[in-house]
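Colleague: I have a structure here, written as structure tokens, and I will follow up with some questions on it.
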DNA sequence: ATTATATATTGCTATATCGCGATTTAACGA
DNA sequence: TCGTTAAATCGCGATATAGCAATATATAAT
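Protein chains in written order, with the working numbering: chain Y, 3 to 103; chain L, 3 to 103.
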């Protein structure tokens, strides 16, 4: 993980809504039990929109930020986009921060 | 540590210069061996200014940000201000992040 | 083909952050 | 008291970020 990438990751975490999203995705069955599709796909954008209470376009941008940072992945199924945490990346980020901070 | 405080801490880390400063303060004897005063006081602001290459006022603001977040402490001795890491706070921050992320 | 749904993208405004030079404040020394 | 040094604070312009509504795009359903 380059220092530029690390920077992008920390910046991605520097907004409370994006941290909330990461947290919700940690336990989808707890926060998105109402999803029609299997949670194994991930959580679809619309439900995340709802949960934040922000506009669709705003949340879409937040999800893009988290994805660019590598924290989440997107899986497109039909007309839906499902998001899930990249646990390996998150683990790697935390250990990098533990070393370097 | 409240969620507001956590937010302030992450935001404080979201600037590369501020992370640099925290890193330099980890090994003052390595990065500030030219300091006239004992390094046990901490590192004085002027030397940090120099090392960043940014203006005095800019660095002063960065140091204030780090201090507000709790990551560093200031010790005033005569006309100098010495800064040092708050290791306990940093450790606490890291463990909080490890849990919550 | 048309319509509906899901979501990304665009264009915009408002606010926050960064960096600087100039000024102020504080402490020291002559 | 006056000049010097250290560092905070102020005022400013430039850039980045956040939010929204509107639009575009892609898929699905009728």
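Note that beta-carbon positions come from the ideal geometry of N, C-alpha and C, so glycine has one too.
Remember, it's a predicted structure, so these values are computed and weren't measured experimentally.
Which one of L/98, L/80, L/85 and L/71 has the shortest CA to CA distance from residue 10 of chain L?
Modeller: Residue numbering aside, residue 10 of chain L sits at position 8 when the second chain is read from its first letter. Closest by alpha carbon: L/71.
Colleague: Quick one: measure Cβ to Cβ for residue 23 of chain Y and residue 68 of chain Y, integer angstroms, because I've assumed they're closer than 8 Å.
Modeller: Sequence index remark: in the first chain, residue 23 of chain Y carries index 21 (1-based). Sequence index remark: in the first chain, residue 68 of chain Y carries index 66 (1-based). Contact flag correct, Cβ pair sits at about 7 Å.
Colleague: Could you please tell me which residues of the region 5-29 of chain Y, in chain order, have their CB closer than 8 Å to any CB of chain L?
Modeller: Those residues of the region 5-29 of chain Y placed with their C-beta closer than 8 Å to a C-beta in chain L are 5, 9, 12, 13, 15, 16, 18, 21, 24 and 25, ordered along the chain.
Colleague: Less than 7 Å between C-beta atoms, sequence neighbours within five positions excluded: which residues of the same chain meet that for residue 14 of chain L?
Modeller: Numbered from 1 along the second chain, position 12 holds the residue referred to as residue 14 of chain L. Cβ neighbours of residue 14 of chain L beyond the five flanking positions: 20, 67, 68, 71 and 73.
Colleague: Just list the residues that DSSP pairs residue 75 of chain L with in beta bridges.
Modeller: As a first step, residue 75 of chain L is located in the second chain; it is residue number 73 there, counting from the start. DSSP, once it has assigned bridges, lists L/86 as partnering residue 75 of chain L.
Colleague: Counting only C-beta atoms, is residue 92 of chain Y closer than 8 Å to chain L at any point?
Modeller: Start at 1 with the first residue of the first chain, and residue 92 of chain Y comes out as number 90. Closer than 8 Å to some Cβ of chain L, the Cβ of residue 92 of chain Y qualifies, so yes.
Colleague: Could you tell me how far apart the beta carbons of residue 75 of chain L and residue 88 of chain L are, in whole angstroms, since I believe they sit closer than 8 Å?
Modeller: Start at 1 with the first residue of the second chain, and residue 75 of chain L comes out as number 73. Start at 1 with the first residue of the second chain, and residue 88 of chain L comes out as number 86. Contact holds; Cβ gap of about 5 Å.
Colleague: Name, please, each residue of chain L whose Cβ falls closer than 9 Å to the Cβ of residue 96 of chain Y.
Modeller: Position 94 of the first chain holds residue 96 of chain Y. Going along chain L in sequence order, the residues near residue 96 of chain Y (Cβ under 9 Å) are 96, 99, 100 and 103.
Colleague: Residue 47 of chain Y and residue 35 of chain Y: beta carbons closer than 8 Å?
Modeller: The sequence position of residue 47 of chain Y within the first chain is 45, counting from 1. The sequence position of residue 35 of chain Y within the first chain is 33, counting from 1. Result no, Cβ atoms of residue 47 of chain Y and residue 35 of chain Y do not sit closer than 8 Å.
Colleague: By the DSSP assignment, the alpha helix (DSSP H) with residue 1 of chain Y in it spans what residues?
Modeller: Given that chain Y is displayed from residue 3 to residue 103, the structure contains no residue 1 of chain Y and the question cannot be resolved.
Colleague: If you draw a straight line from the C-alpha of residue 56 of chain L to the C-alpha of residue 5 of chain L, how long is it?
Modeller: Indexing the second chain from 1 puts residue 56 of chain L at position 54. Indexing the second chain from 1 puts residue 5 of chain L at position 3. Computed Cα separation, rounded: 31 Å.
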